[in-house]
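Presented below is the structure to which this report refers.
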Amino acid sequence: MIVYEKQNAFVMITQHDHAHVSGKLASEFKNDFIIDKAQHDEFIYAAYQHDRGWIDLDSAPFWNDAEHKPYSFRDFPLKPRFVFYKKGIDEIQEVSQYSALLCSLLYTTLFERIKQKDVQEYLNMEYLRQKTLKKLLNIDDELSLPLQKHLRALLICDELSLFLCMQQPGTPTDQYEWFSQGLNYTIDPNNKSQVRWRTKDTIELTYFPFHSDVEILLPYKEVDKEDIVLYGVLEAYHKTSWQEFNVFYKSMAASQEDSGSI
Numbered sequence: 004m005i006v007y008e009k010q011n012a013f014v015m016i017t018q019h020d021h022a023h024v025s026g027k028l029a030s031e032f033k034n035d036f037i038i039d040k041a042q043h044d045e046f047i048y049a050a051y052q053h054d055r056g057w058i059d060l061d062s063a064p065f066w067n068d069a070e071h072k073p074y075s076f077r078d079f080p081l082k083p084r085f086v087f088y089k090k091g092i093d094e095i096q097e098v099s100q101y102s103a104l105l106c107s108l109l110y111t112t113l114f115e116r117i118k119q120k121d122v123q124e125y126l127n128m129e130y131l132r133q134k135t136l137k138k139l140l141n142i143d144d145e146l147s148l149p150l151q152k153h154l155r156a157l158l159i160c161d162e163l164s165l166f167l168c169m170q171q172p173g174t175p176t177d178q179y180e181w182f183s184q185g186l187n188y189t190i191d192p193n194n195k196s197q198v199r200w201r202t203k204d205t206i207e208l209t210y211f212p213f214h215s216d217v218e219i220l221l222p223y224k225e226v227d228k229e230d231i232v233l234y235g236v237l238e239a240y241h242k243t244s245w246q247e248f249n250v251f252y253k254s255m256a257a258s259q260e261d262s263g264s265i
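Written as structure tokens, this is what we have:
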């Protein structure tokens, strides 16, 4: 679950809905990412499905007693989450070995920065999966160029979706928790792409890798804190109606041209 706090409520977005945003963005990448039509379709499938391991977890939100808020992907315990990560990639692998390889690489890339025993055990398990899948797919042990490009694009889509989901729309740049210095992963490793809210329904990028503006409809629940006190987080979550947020990803340069600013 992705969670951020408002004064009287918690905004809660499922990881699978976040992944759907990633998939929509992946499907809009410019043609230079279409190395092979079959591979491109599998790249898009990976983006849409990369967090499917959270589906069961997010259907029954957990309360974090220590923090007095619902657990989110940022603080959910590592050991049980790795069980569900494996389950999700196993399910993806039943459909597409290439998509499963991309998702496995996504997770190992993200978790290699964390030096803990439970993390290393998970990484070793996924390294073995990657070695097996590369052999089945006739991919050299070093990342092939198409695989490198697809992995970098997948990481970008994941971050752009997190930017949308982790904070209130329109949040000022100086209040960003994760992306004040731009995206961690970009098309050009030497040129960090900046991302910001221009308005409450527009996200701008300094480097724009998509065909055109991308429109997103994001489902979410705004769970009232008083309902959580009365019913507990699980029942309060299920009692809360779904809402939908509409946002556009746009090029910062195009927006400046339209407004006549520099």
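The opening residue of the sequence shown carries number 4 in the working numbering; numbering runs sequentially from there.
Every residue gets a Cβ at the ideal spot worked out from N, C-alpha and C, and that includes glycine.
Model, not experiment: these values are computed from the prediction.
{"Item": "Suppose you measure from the CA of Lys-82 to the CA of Ala-256; what does that come to, to the nearest Å?", "Value": "43 Å"}
{"Item": "Nearest-angstrom Cα distance between Thr-176 and Thr-202?", "Value": "11 Å"}
{"Item": "Please state the DSSP three-state secondary structure of Gln-178.", "Value": "helix"}
{"Item": "Mind reading off the beta-carbon distance from Leu-221 to Val-198? Whole number of angstroms is fine, and I expect it under 8 Å.", "Value": "That pair is no contact at about 16 Å."}
{"Item": "Starting from Asn-249 and walking both ways along the alpha helix (DSSP H), at which residues does that stretch end?", "Value": "Taken as a continuous stretch (DSSP letters only), Asn-249 belongs to no alpha helix (DSSP H), being part of the beta strand (DSSP E) at 246 to 254."}
{"Item": "If you run the structure through DSSP and keep just helix, strand and coil, what is Thr-205?", "Value": "strand"}
{"Item": "What residue range does the alpha helix (DSSP H) around Phe-114 cover?", "Value": "100 to 114"}
{"Item": "Report yes if the C-beta distance between His-19 and Asp-54 is below 8 Å; otherwise report no.", "Value": "yes"}
{"Item": "Counting Cβ pairs, one atom from each stretch, are 3 or more of them under 8 Å apart for the stretch 68 to 82 and the stretch 127 to 146?", "Value": "no"}
{"Item": "Can you tell me whether Lys-9 is buried or exposed? The criterion is at least 16 other CB atoms within 10 Å of its CB, across all chains shown.", "Value": "exposed"}
{"Item": "Measure the C-alpha to C-alpha separation of Gln-184 and Ser-244 and round it to an integer number of angstroms.", "Value": "35 Å"}
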